[in-house]
Amino acid sequence: MHLRHTAAAAVASLALLFATPCPAAAAVGEFRYTYYDDFGNRAAGMLVDPDSRVCVTLPEVADPDTTEPAFAPQNFTGSTATMFTGPDCDGDYYSLRPGGRASDRLKLRSVVFS
Numbered sequence: 002m003h004l005r006h007t008a009a010a011a012v013a014s015l016a017l018l019f020a021t022p023c024p025a026a027a028a029v030g031e032f033r034y035t036y037y038d039d040f041g042n043r044a045a046g047m048l049v050d051p052d053s054r055v056c057v058t059l060p061e062v063a064d065p066d067t068t069e070p071a072f073a074p075q076n077f078t079g080s081t082a083t084m085f086t087g088p089d090c091d092g093d094y095y096s097l098r099p100g101g102r103a104s105d106r107l108k109l110r111s112v113v114f115s
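In the working numbering, each residue's number is its place in the sequence shown (first place is 1) plus 1.
What follows is the structure, encoded as structure tokens:
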């Protein structure tokens, strides 16, 4: 009888373990970019430990009708960053390896980390 209770408890524990949602993985580190603020000045933007496999539209440059795109990205995360010219990971895209930097010529509005 004791063995049956132990086995039932083990099965219940395993079921609970697999039913518990796991937190999203993160691209550990910082992703930096430059953009022009409302006054036309260069400003620095940053994402810290962004979620992996989740499209992030950069809030400062989200609206193509009213803002210039961000530029000069620096990927100080441990993941590859795929950057898109449009919001919502739309448009042309470019990849930047961990530790990589790009020039002012690379324009972006959104990014996803793998």
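Yeah, the Cβ is synthetic: ideal placement off N, Cα and C, and Gly gets one too.
Note that the structure is a prediction, hence the values are computed from the model and not measured.
Check residue i in the structure and name its three-state DSSP category.
i    : result
P65  : coil
V113 : strand
D89  : helix
P60  : helix
F77  : strand
F72  : strand
F40  : coil
R98  : coil
L48  : strand
R54  : coil
R106 : coil
With distance defined between alpha-carbon atoms, name the residue in the options nearest to residue i.
i    : options              : result
R54  : P60, A28, R102       : A28
S115 : G92, A103, V57, S104 : V57
D38  : D93, R98, A63        : A63
G92  : N42, V112, G100      : V112
L59  : T81, F40, C90        : C90
V97  : A82, M47, K108       : Per the sequence shown, residue 97 should be read as Leu rather than Val. Minimum Cα distance to L97 is reached at A82.
M47  : F40, Y36, G41        : Y36
T68  : F40, G101, Y94       : F40
Taking the Cβ atom as the reference point for each residue, do residue i and residue j lie within a distance shorter than 9 Å?
i    : j    : result
E61  : A44  : yes
P88  : P51  : no
A71  : R110 : yes
A103 : Y94  : no
Mind checking residue i: buried by the 16 CB within 10 Å criterion, or exposed?
i   : result
V49 : exposed
A26 : exposed
F85 : buried
Spell out a yes or no on whether the stretch 70 to 77 and the stretch 24 to 40 are touching, meaning 3 or more CB-CB pairs, one atom from each, closer than 8 Å.
yes
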